[in-house]
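Visitor: Residue numbers (this note's numbering), protein chains in the order written: chain V, 1 to 134; chain U, 1001 to 1134; chain S, 2001 to 2134.
Questions regarding the structure given below will be posed in turn.
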């Protein structure tokens, strides 16, 4: 049982992926924590505008979309992931992924982005880490 | 605040992408309009067989799948997108995207398809724009 | 009207794709059969820990994620797919896909994976077919 985001960062580093995109990810997850923006939220998005949701599962991992880009300065790369989960009855739930444990397995294909100088930095407009071009 | 489909067409044109596929797209959207096929629909699909849904949001953009291909003749390229949206409580809704405004940001990775002569034309069988091989 | 998984296997074979990943798939499906893991399931996952769901549709095909890898030995390649479906009212349902018929059309882009020796074999730990490195 491993934490999905930590594993992704390690996999990327081990394969020399500075910038990457999730091309595909399916499997099953449990103990998933994600957050979604509340209604009537204005920009910039503040922590109190978001709702954190924790679900035990296990769930089918139906989709994991997102990317990995370096942060401004010397920090860790920023992994931005949105997840969708299938419940036993087939209902689908999801949002901006904070953390998750792998239940049975997760099959992830990451595409390496070459020739890009795009990075992530905090935006005053949205209040979030956004993609910027150097 | 910009219209997602218009932006996509412009990005593709600016990068010389005649045929492309959305490899990844996450972020947040608002004022989303999509439509889904009704039960008991037979082919060809007619406008009255579909249900248009408009939702204010904002929503987490959990997935945007689709592609861009030239249309038969001299028309604009056809952008075909299916969207999935996360509500504040984690419920997921979605369908065939007509239009949407970006709320905070949208991070889109488009793959360029080379060496293809596939294009879109109206099919008498389905009533929809379908992929055809020249 | 064709069975989605059979079509995928044939397409892959015809294009010399031994290992591949679904980069994008949208369209519409009907008579979809999928299964999801039940609550309180422990590893290894047994058939009685999963719930099979059959739905007539038609549905918007909102996402089809997954991959195709050779199985250990001389068997058929293993196609592993997770599906998400949009109902007329915009509700999304989905899970581990067993079979489906195409309703109007399905536009699938498959990426070929080169230079890999990864294959699928039954895992005693999870009870499922898992990716292994030779």
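By construction, the Cβ of each residue, glycine as well, lies at the ideal position given by its N, Cα and C atoms.
Please decide whether residue 28 of chain V counts as near chain U, where near means a Cβ-Cβ distance under 7 Å.
Guide: Position 28 of the first chain, counting from 1, holds the residue named residue 28 of chain V. Chain U, which has no Cβ nearer than 7 Å to the Cβ of residue 28 of chain V, makes this no.
Visitor: If contact is defined by three or more beta carbon pairs under 8 Å, each pair taking one atom from either stretch, is the stretch 2014-2026 of chain S in contact with the stretch 2096-2110 of chain S?
Guide: The stretch 2096-2110 of chain S vs the stretch 2014-2026 of chain S: in contact.
Visitor: Mind checking if residue 2092 of chain S is an interface residue toward chain U, Cβ cutoff 7 Å exclusive?
Guide: The residue given as residue 2092 of chain S occupies position 92 in the third chain. Taking Cβ atoms only, chain U reaches closer than 7 Å to residue 2092 of chain S, which makes this a yes.
Visitor: For my contact list, residue 1105 of chain U and residue 41 of chain V are in at a C-beta cut-off of 8 Å; report their separation, rounded to the angstrom.
Guide: Residue numbering aside, residue 1105 of chain U sits at position 105 when the second chain is read from its first letter. Residue numbering aside, residue 41 of chain V sits at position 41 when the first chain is read from its first letter. Not really, about 14 Å apart at Cβ, beyond 8 Å.
Visitor: I think residue 2156 of chain S touches residue 2079 of chain S, with their Cβ atoms under 8 Å apart; what is that distance to the nearest whole Å?
Guide: Outside the displayed range of chain S (2001 to 2134) lies residue 2156 of chain S, so it cannot be described from this structure.
Visitor: According to DSSP, is residue 1011 of chain U helix, strand or coil?
Guide: Start at 1 with the first residue of the second chain, and residue 1011 of chain U comes out as number 11. Helix, per DSSP.
Visitor: Just verifying my parser: in three-state terms, what is the DSSP assignment at residue 107 of chain V?
Guide: Taking the first residue of the first chain as position 1, residue 107 of chain V is located at position 107. Of the three classes helix, strand and coil, the one that applies to residue 107 of chain V here is strand, per DSSP.
Visitor: Helix or strand or just coil, what does DSSP make of residue 167 of chain V?
Guide: No information on residue 167 of chain V is available, as it lies outside the stretch 1 to 134 that chain V covers here.
Visitor: According to DSSP, which residues form a beta bridge with residue 1060 of chain U?
Guide: Numbered from its first residue, the second chain carries residue 1060 of chain U at position 60. DSSP lists U:1028, U:1086 as partners of residue 1060 of chain U.
Visitor: Can you list, in chain order, the residues of its chain with a C-beta nearer than 6 Å to that of residue 38 of chain V? Leave out the 5 residues immediately preceding and following it.
Guide: On the first chain, position 38 is the one that residue 38 of chain V refers to. Closer than 6 Å at Cβ, skipping near neighbours: 49, 51.
Visitor: Between residue 1 of chain V and residue 2045 of chain S, what straight-line distance do the alpha-carbon atoms span, to the nearest angstrom?
Guide: Numbered from 1 along the first chain, position 1 holds the residue referred to as residue 1 of chain V. Numbered from 1 along the third chain, position 45 holds the residue referred to as residue 2045 of chain S. Low confidence applies here, because residue 1 of chain V scores a pLDDT of 39, under 50, leaving its location unreliable; read the following figure in that light. Computed Cα separation, rounded: 15 Å.
Visitor: Can you round the beta-carbon distance between residue 1082 of chain U and residue 1066 of chain U to whole angstroms, since I take them to be within the 8 Å contact cut?
Guide: Translated into positions along the second chain, residue 1082 of chain U becomes position 82. Translated into positions along the second chain, residue 1066 of chain U becomes position 66. 6 Å between Cβ atoms; contact.
Visitor: Kindly indicate which three-state DSSP category residue 48 of chain V falls into: helix, strand or coil?
Guide: As a first step, residue 48 of chain V is located in the first chain; it is residue number 48 there, counting from the start. DSSP places residue 48 of chain V in helix when its eight states are reduced to three.
Visitor: What does residue 2036 of chain S pair with, by DSSP beta-bridge criteria?
Guide: One-based indexing of the third chain puts residue 2036 of chain S at position 36. The partner list for residue 2036 of chain S (beta bridge, DSSP) reads S:2051.
Visitor: What three-state label does DSSP hand residue 43 of chain V in the structure shown?
Guide: Here residue 43 of chain V is taken as the residue at index 43 of the first chain, counted from 1. Coil, per DSSP.
Visitor: Can you tell me the Cβ-Cβ gap for residue 2063 of chain S and residue 1063 of chain U, rounded? I've got them flagged as a contact below 8 Å.
Guide: Working through the third chain from its first residue, we reach residue 2063 of chain S at position 63. Working through the second chain from its first residue, we reach residue 1063 of chain U at position 63. Confirmed, about 5 Å.
Visitor: In chain U, what lies closer than 8 Å to residue 2129 of chain S by C-beta?
Guide: Here residue 2129 of chain S refers to the residue found at position 129 when the third chain is read from its first residue. Residues of chain U passing the Cβ test: none, with the nearest at roughly 25 Å.
Visitor: Residue range of the beta strand (DSSP E) that residue 118 of chain V falls in?
Guide: To locate residue 118 of chain V, count along the first chain from 1; it is residue 118. That run of the beta strand (DSSP E) goes 118-122.
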